[in-house]
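Residue numbers (the numbering used here): 1 to 602.
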């Protein structure tokens with residue numbers, strides 16, 4: 001069980017082989033208890049309650065279990081969504097209440113066999129994109145605890161990325177279901193407004209709110225969506241699913257990206273590089289790129305917080321905050337109560353502006369299939385956000401705030417890892433979006449894109465429990481992503497796991513002879529340092545053929561990583577160091593090759 005992935009495909013295979021729902025529940029509880037981030041959860045069901053639910057599922061007749069699309073699947077729920085048996089707090093203990101029933105969407109998932117573990121942390125009252133505005137602490141990126149997890153659905157995203165649950169519900173009014181997905185290397189589906197009922201959800205902006213889905217893969221997100229997207233006659237904003245406005249994207253489609261002058265990454269050059277690589281990957285899939293003027297989307301985005309729409313947050317919880325100022329987050333309080341200064345005339349003027357922008361957006365989509373944007377322009381450390389909470393939060397909404405205002409659907413999908421700079425080793429994501437009721441074609445494109453990317457979903461903690469069918473392999477040279485020999489991994493079905501460094505006990509060399517600049521990593525007793533590398537998951541069945549192609553003096557041994565883990569990886573025999581150049585000072589192969597290129601150009 002410890003080696004079991006919690007993807008839906010893995011769980012279905014496990015149940016078919018005789019694994020019980022109780023076995024999966026016990027493993028999920030163990031992972032939750034062992035989790036390294038105490039800020040993920042606000043409340044959880046007791047172990048016995050979870051196991052009793054699992055045993056009840058196992059006791060059902062086989063034919064009944066077979067009709068449950070989410071049989072035995074563990075999930076988590078953002079704590080502004082009601083779950084019967086647990087308090088709803090919206091990350092404000094003074095606001096807590098005990099719901100009499102679960103939210104409509106949660107009830108649909110439970111009926112389908114899913115097992116709720118508990119309620120996850122969030123930016124208080126779902127106001128923020130950072131994950132730091134909670135009295136319960138700040139959930140951190142699963143890749144680097146110095147960095148934010150993104151918000152407001154912070155705990156839900158981390159619970160999925162850490163491998164504790166298969167999927168989690170969040171909410172998404174301004175990007176809260178997409179930014180945390182991008183920061184944690186998972187999929188975030190923001191459906192068309194109203195397709196997932198918001199009955200039983202603490203409102204942020206009631207007319208714009210969405211229940212969102214975090215999952216390991218696009219296919220998993222779609223499976224959850226198919227269960228939860230049921231019309232709710234008791235929700236005034238509920239909408240029934242409709243036929244797709246266009247057929248699913250095939251190998252011939254047009255995608256729009258903002259023109260270069262409209263793109264902002266706030267100094268994050270690696271994010272800019274990864275976005276361009278994502279556009280190239282879409283072209284490889286058969287897409288035709290079209291650079292567009294992004295100003296209409298930027299204008300719509302500005303309306304959310306700079307216009308009267310902020311007053312809808314005041315309508316939702318402003319009265320409570322005014323009565324409990326000392327018990328609310330000061331940044332959240334300032335934003336929500338800022339709506340008191342808006343007036344009705346301004347509201348109607350803004351509604352007219354928004355309708356004009358919607359008309360322009362629909363005209364644009366007459367000629368394109370999908371708009372592709374960064375899920376977030378950059379990522380920040382927790383201390384940076386705490387020092388400047390409003391401005392940095394605003395930056396993170398650059399490519400998200402427009403979407404619900406313009407009545408669009410979107411899905412955020414992993415798009416690679418930063419190779420260098422202040423955020424080296426952290427993931428980047430892109431969002432595919434299109435007008436309402438395009439959810440199916442967006443998920444299909446996301447699935448094709450993630451297959452082409454070949455990334456292992458989630459964070460390092462989840463990868464510490466790899467499927468038995470794979471071997472983790474550390475590569476330090478031309479086998480890394482984007483370099484000449486990487487195809488030897490991808491052609492064998494290998495999947496990227498993480499970019500990290502060795503423990504500080506290695507020396508690095510450029511070997512003499514053979515192809516130019518072959519790398520050689522050697523473990524030393526003294527004088528070692530940490531060297532950059534990538535970890536890939538190689539199918540066990542293909543590992544032998546890969547090993548057969550490793551030439552002397554290179555070999556595959558065991559490498560110690562900076563986080564304490566050990567994996568198989570490339571090493572060099574000491575006999576191969578004759579005539580080699582010591583390049584340890586560069587810290588990695590990419591930096592060394594960049595220096596060579598710079599010298600050649602100069």
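Cβ coordinates follow ideal geometry from the N, Cα and C atoms, glycine included.
Fill in: Cβ pair residue 82, residue 167 closer than 8 angstroms
Numbered from 1 along the chain shown, position 82 holds the residue referred to as residue 82. Numbered from 1 along the chain shown, position 167 holds the residue referred to as residue 167. Contact check for residue 82 against residue 167 fails: the beta carbons are separated by 8 angstroms or more.
Worksheet item: Any contact of the region 128-143 with the region 363-375, i.e. 3+ C-beta pairs under 8 angstroms?
Response: no
Worksheet entry | Identity of the residue in 261, 169, 412, 480 nearest residue 75 by Cα | As a first step, residue 75 must be located in the chain shown, where it is residue number 75. Among 261, 169, 412, 480, the Cα nearest to that of residue 75 belongs to 169.
Practice prompt. Could you tell me which residues DSSP pairs with residue 88 in its beta bridges?
Written response: By 1-based counting over the chain shown, the position of residue 88 is 88. The partner list for residue 88 (beta bridge, DSSP) reads 97.
Worksheet item: Does DSSP put residue 556 in a helix, in a strand, or in coil?
Response: Here residue 556 refers to the residue found at position 556 of the chain shown. In the structure shown, residue 556 sits in a strand (DSSP, three-state: E or B).
Worksheet item: Can you tell which of 92, 286, 110 has the C-alpha that lies nearest to the C-alpha of residue 72?
Response: Within the chain shown, residue 72 is the residue found at index 72, counting from 1. Answer by Cα proximity: 110.
Worksheet item: With burial defined as no fewer than 16 other Cβ atoms inside 10 Å of the residue's Cβ, what is the status of residue 484: buried or exposed?
Response: Taking the first residue of the chain shown as 1, we reach residue 484 at position 484. Counting Cβ neighbours within 10 Å, residue 484 comes out exposed, since fewer than 16 surround it.
Item to complete: Establish whether the CB of residue 82 and some CB of chain B are separated by less than 8 angstroms.
Response: Judged by its chain identifiers, the structure shown contains no chain B, having just a single protein chain.
Item to complete: Would you mind reading off the limits of the alpha helix (DSSP H) that contains residue 544?
Response: Looking up residue 544 in the chain shown gives position 544. Run containing residue 544: 540-548, per the alpha helix (DSSP H) assignment.
Worksheet item: From residue 542 to residue 455, what distance separates their C-alpha atoms?
Response: For the purposes of this step, residue 542 is identified with residue 542 of the chain shown, where counting begins at 1. For the purposes of this step, residue 455 is identified with residue 455 of the chain shown, where counting begins at 1. In a straight line, the C-alpha of residue 542 is about 17 angstroms away from that of residue 455.
Worksheet item: Three or more C-beta pairs closer than 8 angstroms, one from the region 283-295 and one from the region 389-397: is that the case here?
Response: Because the criterion of three Cβ pairs below 8 angstroms is not met, the region 283-295 and the region 389-397 do not touch.
Worksheet item: Out of curiosity, what's the CA-to-CA distance linking residue 591 and residue 420?
Response: Indexing the chain shown from 1 puts residue 591 at position 591. Indexing the chain shown from 1 puts residue 420 at position 420. Cα to Cα, the separation comes out at about 9 angstroms.
Discussion item. Counting beta carbon pairs with one atom in the region 224-243 and one in the region 82-98, are three or more of them shorter than 8 angstroms?
Written reply: No: fewer than three Cβ pairs fall under 8 angstroms.
Item to complete: Return the CA-CA distance between residue 619 and residue 117, expressed in angstroms with no decimal places.
Response: The first residue shown for the chain is 1 and the last is 602, placing residue 619 beyond what the model contains.
Worksheet item: For the putative contact between residue 218 and residue 446, defined by C-beta atoms under 8 angstroms, what is the C-beta separation to the nearest angstrom?
Response: Stepping through the chain shown from its first residue, residue 218 is reached at position 218. Stepping through the chain shown from its first residue, residue 446 is reached at position 446. Yes, residue 218 and residue 446 are in contact; Cβ-Cβ is about 4 angstroms, under 8 angstroms.
Item to complete: Please go through the region 362-397 and give each complete alpha helix (DSSP H) segment of 4 or more residues, from N-terminal end onward.
Response: 382-387, 389-396
Item to complete: Measuring alpha carbon to alpha carbon, tell me which of 344, 226, 308 ends up nearest residue 69.
Response: The count along the chain shown starts at 1 and reaches residue 69 at position 69. Residue 226 is the option with its Cα nearest to residue 69.
Item to complete: Measure the C-alpha to C-alpha separation of residue 149 and residue 425 and round it to an integer number of angstroms.
Response: Numbered from its first residue, the chain shown carries residue 149 at position 149. Numbered from its first residue, the chain shown carries residue 425 at position 425. When rounded, the distance between both Cα atoms is 14 angstroms.
Worksheet item: Could you give the uninterrupted runs of the beta strand (DSSP E) lying entirely in the region 150-231, keeping only those of 3 residues or more?
Response: 167-171, 187-190, 211-215
Worksheet item: Taking only runs of the alpha helix (DSSP H) that begin and end inside the region 470-499, which ones reach a length of at least 4 residues, in chain order?
Response: 487-490
Discussion item. At the level of alpha carbons, what is the spacing between residue 335 and residue 310?
Written reply: The residue you call residue 335 lines up with position 335 of the chain shown. The residue you call residue 310 lines up with position 310 of the chain shown. C-alpha of residue 335 to C-alpha of residue 310: approximately 8 angstroms in a straight line.
Worksheet entry | Residues of its chain near residue 87, where Cβ-Cβ distance is below 7 angstroms and the 5 sequence neighbours each way are ignored | Residue numbering aside, residue 87 sits at position 87 when the chain shown is read from its first letter. So the list reads 43, 96, 97, 98, once near-sequence residues are dropped.
Worksheet entry | Extent of the continuous alpha helix (DSSP H) to which residue 50 belongs | Here residue 50 refers to the residue found at position 50 when the chain shown is read from its first residue. It spans 47-58 - the alpha helix (DSSP H) in which residue 50 sits, taken as one unbroken run.
Worksheet item: Rounded to the nearest angstrom, how far is the Cβ of residue 501 from that of residue 528, given a contact under 8 angstroms?
Response: Position 501 of the chain shown, counted from the start, is the residue given in the question as residue 501. Position 528 of the chain shown, counted from the start, is the residue given in the question as residue 528. Going by Cβ atoms, the distance from residue 501 to residue 528 rounds to 12 angstroms, so no, they are not a contact pair.
Practice prompt. Could you pull out every residue in the same chain whose Cβ sits closer than 7 angstroms to the Cβ of residue 31, ignoring the five residues on either side in sequence?
Written response: Translated into positions along the chain shown, residue 31 becomes position 31. The residues are 163, 164.
Worksheet item: Taking buried to mean at least 16 other C-beta atoms within 10 Å of its own C-beta, is residue 552 buried or exposed?
Response: Along the chain shown, read from residue 1 onward, the residue named residue 552 stands at position 552. Flag for residue 552 reads exposed.
Worksheet item: Residues in its own chain within less than 8 angstroms of residue 458 by CB, not counting five upstream and five downstream?
Response: In the chain shown, residue 458 corresponds to position 458, counting from 1. So the qualifying residues of the chain are 142, 160, 161, 162, 163, 184, 185, 186, 216.
Fill in: residue 403 to residue 204 span [Cα, whole Å]
Numbered from 1 along the chain shown, position 403 holds the residue referred to as residue 403. Numbered from 1 along the chain shown, position 204 holds the residue referred to as residue 204. The alpha-carbon atoms of residue 403 and residue 204 are separated by roughly 15 angstroms.
Worksheet item: What three-state label does DSSP hand residue 400 in the structure shown?
Response: For this step, residue 400 is matched to residue 400 along the chain shown. Three-state result, residue 400: coil.
Discussion item. The beta strand (DSSP E) that contains residue 660, what's its start and end?
Written reply: This structure does not reach residue 660, given that the chain is present from 1 up to 602, and the question cannot be answered.
Worksheet entry | Residue burial classification, residue 64 (beta-carbon count within 10 angstroms, cutoff 16) | Position 64 of the chain shown holds residue 64. Exposed: under 16 other Cβ atoms inside 10 Å.
Worksheet item: Would you say residue 281 and residue 259 are within 8 angstroms of each other, going by their C-beta atoms?
Response: As a working note, residue 281 is residue 281 in the chain shown. As a working note, residue 259 is residue 259 in the chain shown. Result no, Cβ atoms of residue 281 and residue 259 do not sit closer than 8 angstroms.
Worksheet item: Is it true that the CB of residue 489 sits closer than 8 angstroms to the CB of residue 535?
Response: As a position in the chain shown, residue 535 is number 535, starting the count at 1. As a position in the chain shown, residue 489 is number 489, starting the count at 1. With a cutoff of 8 angstroms on beta-carbon distance, residue 535 and residue 489 are scored as not near each other.
Worksheet item: Which residues in the same chain as residue 571 place their Cβ atom closer than 6 angstroms to its Cβ, once the five residues preceding and following it in sequence are excluded?
Response: The count along the chain shown starts at 1 and reaches residue 571 at position 571. For residue 571, where only same-chain residues beyond five positions count, the Cβ hits under 6 angstroms are 521, 555, 557.
Worksheet item: So what does DSSP say about residue 122, is it helix, strand or coil?
Response: If you number the chain shown from 1, residue 122 lands on position 122. Residue 122: coil per DSSP, three-state reduction.
Worksheet item: For the candidate residues 386, 381, 519, 560, whose alpha-carbon lies nearest to that of residue 573?
Response: Along the chain shown, one-based indexing puts residue 573 at 573. Ranking 386, 381, 519, 560 by Cα distance to residue 573 puts 519 first.
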